[in-house]
Every structure is written in structure tokens, then in C-alpha cells.
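Here is the structure we will look at.
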Amino acid sequence: MTEKEIEKKDWSYTSHIGEDLRGIDLSGADLRRTVFDGADLEGANLSGADLRKASFKGANLMKAAFDHADMRDAIFLKARMNLSNFQGSKLDRADLRGIRGRYAIWRDANWWDARMNDDLRVALSKKWPKQ
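Okay, structure coming up:
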């Protein structure tokens, strides 16, 4: 972990619009209401992070880890989320409209409580049915 990552474990209420944050480790970080619109977070580790009401509009979240993250009320409009891991994530009321995320891992995540396009809901229902 770099010095920048150690210092910034509490990024709540901050803005990182369009920043290059590829591969950053923000696991367990407080990211409530943080704005990552248009940011590049490819390969980032956000496992266990508090992402409530955070915004990721148009962000690159390819190959990112969100395992057991709290993503309630977060906004992911048109974010690229393929090959990411959402295992055990809380997605109540999260806005997933327009995302690319069919090829992500949604095991034990409550994706059915999120807002999303019907085509994505159908695709996820086939592979990750509600238990």
C-alpha cells in the first residue's frame, strides 16, 4: 500500500472526478458521498468499503473488488463494471442503470434491490438468482 493510500482511508464527502486511481487499495475505507464520476478505478480494491450515497457516474470500475461493500443508495449510472466482484455487497436502492456488468460476480449480493435496466436484470436473474 502506498503512502497516499494509507493517508486517505477516510475520503468521505470528497471529490475525485476524472482521477486516475487504477489499482488503488481503498478496502474498508469510508467513502460515503464521495464523488468518483468519470474516474478510472480499474482494478481498485474497495472491499468492505462504506460507499453509501457515493457517485460513480461513467466511472471505469472494470476488475474492481467490491466484496462485502456497503453500496446502498450509491449511483453507478453508465459505469463500466465488467469483471468486477460484488460478492456479498449491499446494493439496496443503488442506481445501476446503464452499467456494463453482466460479466461480474454478483454472488450473495442483493442486486435485485437495486435500480437497473430490464435487460441487465434478466441477465443477472439467469446466473445469480434471488435466494
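Number 93 in my numbering belongs to position 102 of the sequence shown; there are no gaps in the numbering.
Glycine included, every Cβ here is placed at the ideal spot set by N, Cα and C.
Here the structure is a predicted model, which means the values were calculated and not measured.
Open item on the list: Can you check which of these residues, Trp2, Val26, Trp103, Asp16, is closest to Arg84 by C-alpha distance?
Closed with: Mapped onto the sequence shown, residue 84 falls at position 93. Ranking the options by Cα distance to Arg84, first place goes to Trp103.
TODO: Kindly provide the ranges of any beta strand (DSSP E) runs that are 3 or more residues long and lie completely inside the region 47 to 83, ordered along the chain.
DONE: When DSSP assignments are scanned along the region 47 to 83, no uninterrupted stretch of beta strand (DSSP E) that is 3 or more residues long falls wholly within it.
Open item on the list: Per DSSP, what are the beta-bridge partners of Arg91 in this structure?
Closed with: Within the sequence shown, the letter at position 100 stands for residue 91. According to DSSP, which records beta bridges pairwise, Arg91 is partnered with Arg71.
Task: For Asp28, the three-state DSSP class (helix, strand or coil) - done: Within the sequence shown, numbered from 1, the residue matching residue 28 stands at position 37. DSSP places Asp28 in coil when its eight states are reduced to three.
TODO: Could you work out which residue in Arg24, Arg63, Phe27 is closest to Asn101 when comparing CA atoms only?
DONE: Counting from one through the sequence shown, the residue named residue 101 turns up at place 110. Of Arg24, Arg63, Phe27, the residue nearest in Cα terms is Arg63.
Task: Cβ pair Lys68, Trp97 closer than 7 Å - done: Residue 68 sits at position 77 when you count from the first residue of the sequence shown. Residue 97 sits at position 106 when you count from the first residue of the sequence shown. For the record, residue 68 in the displayed sequence is Leu; it is not Lys. Going by beta carbons, Leu68 and Trp97 fall outside the 7 Å limit.
Task: Minimum C-alpha distance to Arg74 - residue among Gly92, Ala40, Trp2 - done: Residue 74 sits at position 83 when you count from the first residue of the sequence shown. The amino acid occupying residue 74 in the given sequence is Leu; Arg does not appear at that position. Taking the Cα of Leu74 as reference, the smallest distance to any Cα among Gly92, Ala40, Trp2 is reached at Gly92.
TODO: Would you kindly work out how many angstroms separate the C-alpha atoms of Arg88 and His59, rounded to a whole number?
DONE: Here residue 88 corresponds to residue number 97 of the sequence shown, with the count starting at 1. Here residue 59 corresponds to residue number 68 of the sequence shown, with the count starting at 1. Taken atom to atom, the span from the alpha-carbon of Arg88 to that of His59 is near 21 Å.
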